[in-house]
Each structure stands twice: as structure tokens, then as C-alpha cells.
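The structure appears below as C-alpha cells.
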Amino acid sequence: MQATETDPRPGNGTGEPGPIPVVLTINGTERRLEVEPWTTLLDLLRERLDLTGSKKGCDHGQCGACTVLVDDRRVNACLTLAVMLDGASVTTVEGLAQDGQLHPVQDAFVEHDAFQCGYCTPGQICSAVGLLKEGRARSDDEIRELMSGNLCRCGAYVNIVAAVRQVMDGTGAGR
Amino acid sequence: MNRFSYVRPDAVAAAVRERASDPGARFIAGGTNLLDLMKYDVEAPSRLIDITRLPLRDIQELDGGLRIGALVPNSDLAYDRRIEERYPLLASAILAGASPQLRNMATTGGNLLQRTRCVYFYDTATPCNKRTPGSGCSAIGGINRQHAILGASEHCIATNPSDMGVALAALRASVRVAGPDGERTIPFSEFHRLPGDEPQRDNNLAADELILSVDLPAEHFAINYTYLKLRERLSYAFALVSVAAALRLEDGKIAEARLALGGVAHKPWRDEAAEELLRGQPAERASFEQAAGQILSGARGFGENDFKIELARRAVVRALEQAAAGTPQSQSDKRVQ
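For the protein sequence lines, the chains are A and B, in the order given.
Heads up: the first sequence begins at 20 in this note's numbering, then just goes up one per residue.
Heads up: the second sequence begins at 29 in this note's numbering, then just goes up one per residue.
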């Protein structure tokens, strides 16, 4: 066994699968967990931590319903192994509101009616928060392109673009 | 997903040793393709070697070119100021592919190693020579709208799905790799393979070799270039046909030309004869049509994908026109001018 940072349990790294300790900061709270290496971040959030806001749509990185922020970057939680994130900070839709106040993107989604059934919404919102942090979108075309990793089968796209645009322009009625 | 063990080496040599000691092990970095394949039971590694903590995350100057560490995420690469200014063809191709989430995860080295998106390769209930050598090719005579028109074999007509790779082919990048016996450099054109009678082998990387970097040569093509991608919907879909075109113009004539196609072959398809045809010619439609004829001279359809031959011919001409005019295809406004 070569030197690794996380090989604290006998068996791991020598061919025997088994749980591995990781430290994750999830929505601002440090969590010490033991995870099987094949546990995706999405399954960890939903099945172990009861954070069911992040949705399992396709489970293959095609729909974006599982989008969360890892160290402030939007990623597909379904294609991320939790064990690989040791030391990282994860923000889900449940962690966006601060001090009882919705995040501006959440306010904008409400204001613009940017959803119908709501299943894709947590992923859309996390993705939009990531898009705004990246600061690459200027036009509606660019918002559309840079939100293309999130599908909405209800077709609320027009209002989603309007919501993102409002936060981008800082013209929301909210904070 | 199958069960597997997990290790996280902190040095390249240790990672290579891990891989060499277990033929069933796989390196993992972004994981966007490997985990997807594992969920479909196409891949079932005994061990994952997490290479994300290796020191391969930098973009460094290299004799007028750039050395891109294998772990540089696609999004960081596309938005790196040196890439935007000096290799906008590469930035454009990257932004034409996948989604922002996937580009945040996927790495430079991993992009080169992604497997085909052939539906039969993913469907373990069907024969596939790439997945199970000798079982047959279901795409020949099957659903093959997405499949190859160039360089295919009777054993496999799958395509390489990369957009980044098409730009790297045009830019004549090279791939630096490490193995148990040290480092070597593979020209990009020799990195991926045609299917031949070993379609299970996508590339010429040995099983225990690890990609360290992708190296870009000094010639940038920052003025006359384009990446034109044609697909079934406007975003977040693999190419039916894509074209990376780059020209260096002198007095209205083509001093240097680069041309590569995506979505049409088992590897990013570059044709030096087509590039040679363009050299010294006026930068006008007749020259571009000649080059398109050359690059598609060996094209063959398999039924559903017959249309890609004509689509590719027109896309090559249009891309060369965009490059010559200095009006590269926008990756957000999708209108093709």
C-alpha cells in the first residue's frame, strides 16, 4: 500500500472494499461520516442525511436535477463519489437561505413563477447560483446556454431565464 | 454500481504503481464518464485510484506554447485567459461540449479517455465488439445515426464524442504520459486509434500509463478559426458533425491550414492531405470545397447516418468560410452565419 492521505482502516486500498471516514462541510456544518466508496454524493445527501432537496432524475448527469455546489462550483451530485470529496464544502438547496431569508435566486424563482411541478427546481436554483458566481453570462442567450445542463420537462424555461436575469441585473424586489 | 476498493495516492509514481499492480483498477478524476459507465455495468473496476490530489492542476508556459495539467477542469481551461487569448479555438470547442456542471467536474486528461456514446456500447443486453470483443457490432445494420462515416471497420462504427479533442487535433497538441518506465510524449494524432480489429482499444495509452499533461505548440491560430458543431438540439448534445478549422492568411492566401472533424470517426479526424490542398490557395469557397472533398473522399455511410457525409461536406466549407472571415461560431448564439 502506497502512501495515501485516507487509508486509516485496514483493508482499504488493499483490495477489500469497506467504509472510509470522510469529513465534509455540508450547508455550513462539519460532518464526520463513514462512506462506502461507491456511495455517490447524491445518495449520501438523500439517503443518509435526509437532505432530499437534491433530486434524483436521470442519475446519469443528463438532467441536472441533482445539481449542488461543491466548493462553490456547481456539479452533478449523481456523478460524484462522496469519498472523493474528503475535506470539501457542499451546499445544497437546503443551505441557500440565510437567517430565515430566501436566497435572491429563490426569491426570483418565486416571483417569476419559474417552475410548475418543481422537481427540477432545486437543481435549477443551485445551477443558477453557480452560474452567477461564475459571472460568465451577460445576455439571455448566454443564460440559456449556461443553464442547459438543467432540464425542465414542464417547460418553465422562459420564466427561469427571467428569474436568473433579474438576479444578474440586481433588479429584484427582494434583497 | 459494483463494489470496489478505493485509494488516493499523492504522487504520480504511486498512482502508476497502483494501476500496474491491479489490472482491474481504474484511475478516476472527474468521474463523469467512468461513473456513468459503472452505473450501466459497462465498467466494473476492482479498485478506483483517485488521482485528484496529484499535482497536475497547473497551466504552464512551454516554449511559446502551453502545458495543460491533466487535472485542469474543462471549465477552468476554457476560461483561462491564456487559452481565451491564444487558443480561442480550444476554448470554443470546450464550451460547445457537455454542460457547465460537467465541465466543472471533467478534466483535460479524462476528456481524452472518454468512451464512445454508441447506444449499443452502453446496452449490455446487446452485442458490442468494443465492450465484449468478438460479440459482434449491433450498430452495423442497427441504429447508427450518430455513427462513423470515416475510418470505421467491419467490427465497429463507433465515434469518439469529444469536442475538445477535435480542437486539440487541429492545433497539433501532444500528450505527455507517465508509466512504470518513465515518461513519453504521444502526438495527438497518434493518441486515439481507429477501430480495426481491436475496437476495444480506444487509444495507444498502455494500461499502466497515466496522462500528465496536454501540450500545445506555439502556433495559436487566434484570428482565423472556428469550431462549428452541428447536433440534434442547440445545446448539451453530442455532435452529429463538428469542424475545427484554423487558418493563417497572408495576402488573401492560405499560408497554413488546420482542419479536423468530430462526430464522424473513432478518433478526432484530421486529414493532412486536405490541409496541404489548402496551403497556398486563395481563401475562398472553391478552395474550401476542394478540401471538403478531400477530407470526405473515403467517407461511407451505414444507412441512418448516410446524411452525415453531405452534412460534413457543407460544414467543412462553412467552417472554413467562418475561419477565413474571422467570424468564429458563437457557442451561445447558435445561429450559423
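Idealized CB from N, CA, C, for every residue including glycine.
Everything numeric in this text was worked out from a predicted model, so none of it was measured.
Cβ-based burial, residue i [other Cβ within 10 Å; buried from 16]
i                           : result
arginine 47 (chain B)       : buried
proline 128 (chain B)       : buried
valine 129 (chain A)        : exposed
serine 163 (chain B)        : exposed
asparagine 333 (chain B)    : buried
glutamate 278 (chain B)     : exposed
glycine 149 (chain A)       : buried
proline 189 (chain B)       : buried
threonine 58 (chain A)      : buried
glutamine 142 (chain B)     : buried
alanine 22 (chain A)        : A caution first: alanine 22 (chain A) carries a pLDDT of 39, below 50, which makes its placement in the model unreliable, though a value can still be read off. Looking at its Cβ environment, which holds fewer than 16 other Cβ atoms inside 10 Å, alanine 22 (chain A) is exposed.
valine 269 (chain B)        : buried
phenylalanine 330 (chain B) : buried
threonine 213 (chain B)     : exposed
arginine 31 (chain B)       : exposed
alanine 311 (chain B)       : buried
lysine 158 (chain B)        : buried
glutamate 237 (chain B)     : buried
aspartate 230 (chain B)     : buried
serine 360 (chain B)        : buried
glycine 189 (chain A)       : exposed
alanine 176 (chain B)       : buried
Per-residue contacts from residue i into chain B (C-beta, under 7 Å)
i                       : result
aspartate 160 (chain A) : Ser360, Asp361
serine 167 (chain A)    : Ser127, Ser263, Tyr264
threonine 86 (chain A)  : Gln129
leucine 63 (chain A)    : Under the 7 Å cutoff, chain B gives no residues; its nearest Cβ is about 14 Å from leucine 63 (chain A).
Chain-ordered chain A contacts of residue i [CB-CB under 9 Å]
i                      : result
tyrosine 107 (chain B) : Glu153, Arg155
tyrosine 255 (chain B) : Per Cβ cutoff of 9 Å: no residues; tyrosine 255 (chain B) is ~14 Å from chain A at best.
Cα-Cα separation, residue i to residue j
i                           : j                        : result
glutamine 228 (chain B)     : isoleucine 323 (chain B) : 26 Å
leucine 244 (chain B)       : asparagine 139 (chain B) : 16 Å
glutamate 29 (chain B)      : alanine 273 (chain B)    : Residue identity check: residue 29 (chain B) is methionine in the sequence provided, not glutamate. Going from the Cα of methionine 29 (chain B) to the Cα of alanine 273 (chain B) covers about 40 Å.
histidine 220 (chain B)     : glycine 137 (chain A)    : 43 Å
cysteine 146 (chain B)      : alanine 167 (chain B)    : 8 Å
leucine 94 (chain B)        : asparagine 172 (chain B) : 38 Å
glutamate 24 (chain A)      : cysteine 184 (chain B)   : At glutamate 24 (chain A), the pLDDT of 43 sits below 50, so the modelled position is not reliable and the matter cannot be decided from this model.
arginine 298 (chain B)      : valine 177 (chain A)     : 40 Å
isoleucine 45 (chain A)     : alanine 41 (chain B)     : 33 Å
leucine 306 (chain B)       : tyrosine 148 (chain B)   : 38 Å
leucine 99 (chain B)        : alanine 134 (chain B)    : 8 Å
methionine 103 (chain A)    : glutamate 71 (chain B)   : 19 Å
phenylalanine 266 (chain B) : glycine 106 (chain A)    : 34 Å
asparagine 31 (chain A)     : isoleucine 39 (chain A)  : The pLDDT assigned to asparagine 31 (chain A) is 46, lower than 50, so where the model puts this residue is not dependable; a value taken from the coordinates is nonetheless given after this. Going by the C-alpha atoms only, they are around 8 Å apart.
glutamine 174 (chain B)     : glycine 291 (chain B)    : 7 Å
glycine 168 (chain A)       : aspartate 209 (chain B)  : 41 Å
leucine 98 (chain A)        : leucine 52 (chain A)     : 19 Å
threonine 160 (chain B)     : leucine 60 (chain A)     : 30 Å
arginine 200 (chain B)      : proline 296 (chain B)    : 11 Å
glutamine 88 (chain B)      : aspartate 69 (chain A)   : 43 Å
alanine 206 (chain B)       : arginine 45 (chain B)    : 11 Å
7 Å Cβ cut-off: residues of chain A touching residue i
i                        : result
threonine 152 (chain B)  : What threonine 152 (chain B) touches in chain A: nothing, since even the nearest Cβ is about 15 Å away.
methionine 29 (chain B)  : Trp57
serine 190 (chain B)     : Within 7 Å Cβ-Cβ: nothing; serine 190 (chain B) doesn't reach chain A, min ~16 Å.
asparagine 132 (chain B) : Arg92, Arg93, Val94
leucine 67 (chain B)     : First, the residue type needs correcting, since residue 67 (chain B) is lysine and not leucine in the sequence shown. Per Cβ cutoff of 7 Å: Asp78, His79.
Interface residues of chain B facing residue i [CB-CB closer than 9 Å]
i                      : result
threonine 44 (chain A) : Near threonine 44 (chain A) there are no residues of chain B at all, since even the closest Cβ is about 18 Å away, more than 9 Å.
serine 73 (chain A)    : Those within 9 Å of serine 73 (chain A) in chain B number zero; the least Cβ separation is about 12 Å.
leucine 100 (chain A)  : Tyr34, Ile56, Gly59, Leu63, Leu76, Asp78
leucine 150 (chain A)  : Pro128
glutamate 49 (chain A) : The contacting residues do not exist; glutamate 49 (chain A) stays about 20 Å from chain B at best.
Chain B contact residues for residue i, given Cβ-Cβ distances below 8 Å
i                        : result
glycine 83 (chain A)     : Ser127, Gln129
serine 146 (chain A)     : Pro128, Gln129
glutamate 53 (chain A)   : Simply none; closest approach about 13 Å.
methionine 187 (chain A) : Here the premise fails: no neighbours, minimum Cβ distance about 14 Å.
glutamate 130 (chain A)  : In chain order: nothing, as chain B lies at least about 24 Å away.
Beta-carbon neighbours of residue i, restricted to chain A and to distances below 8 Å
i                      : result
threonine 20 (chain B) : In the structure as shown, chain B starts at 29 and stops at 365, and residue 20 (chain B) therefore has no counterpart that could be examined.
Requested in this report: With a floor of 4 residues, list each alpha helix (DSSP H) that falls wholly inside the stretch 176-234 of chain B, ordered by position along the chain.
Outcome: Counting whole runs of 4 or more residues, the stretch 176-234 of chain B contains the alpha helix (DSSP H) stretches 192-198.
Query raised in the report: Hey, is the stretch 141-155 of chain A in contact with the stretch 68-80 of chain A, meaning 3+ C-beta pairs nearer than 8 Å?
Result: The stretch 141-155 of chain A vs the stretch 68-80 of chain A: in contact.
Query raised in the report: Hey, is the stretch 190-200 of chain B in contact with the stretch 146-164 of chain B, meaning 3+ C-beta pairs nearer than 8 Å?
Result: Here the stretch 190-200 of chain B does not lie against the stretch 146-164 of chain B, with fewer than 3 beta-carbon pairs under 8 Å apart.
Report task. Can you check the stretch 135-171 of chain A for any alpha helix (DSSP H) of at least 4 residues that lies completely inside it and give the ranges in chain order? Result -> Under the rule that a run must span 4 or more residues, the alpha helix (DSSP H) segments found entirely inside the stretch 135-171 of chain A read 140-153, 159-165.
Requested in this report: Examine the Cβ distances between the stretch 111-121 of chain B and the stretch 233-249 of chain B and report whether three or more of them are shorter than 8 Å.
Outcome: Three or more pairs of CB atoms, one per stretch, sit closer than 8 Å, so the stretch 111-121 of chain B contacts the stretch 233-249 of chain B.
Requested in this report: Within the stretch 52-132 of chain A, note down every full alpha helix (DSSP H) run reaching 4 residues or more, in order along the chain.
Outcome: Listed in chain order, they are 123-130.
Query - Inside the stretch 273-348 of chain B only - beta strand (DSSP E) runs reaching at least 3 residues - result: Taking only runs of at least 3 residues, the beta strand (DSSP E) segments lying wholly in the stretch 273-348 of chain B are 281-290.
Query raised in the report: Should the stretch 254-262 of chain B be regarded as contacting the stretch 336-347 of chain B, the criterion being three or more beta carbon pairs within less than 8 Å?
Result: Yes, they touch.
**Report entry** Inter-stretch contact (C-beta, 8 Å, three-pair minimum) for the stretch 278-296 of chain B and the stretch 309-327 of chain B
**Finding:** In short, these stretches touch, since the Cβ pair count reaches three.
Query raised in the report: With a cut-off of 8 Å, do at least 3 Cβ pairs link the stretch 47-62 of chain B to the stretch 63-70 of chain A?
Result: No, they do not touch.
Query raised in the report: At which residue ranges does the stretch 76-153 of chain B contain complete beta strand (DSSP E) runs of 3 or more residues, listed in the order of the chain?
Result: Counting only runs of 3+ residues, the beta strand (DSSP E) found wholly inside the stretch 76-153 of chain B occupies 87-90, 93-97, in chain order.
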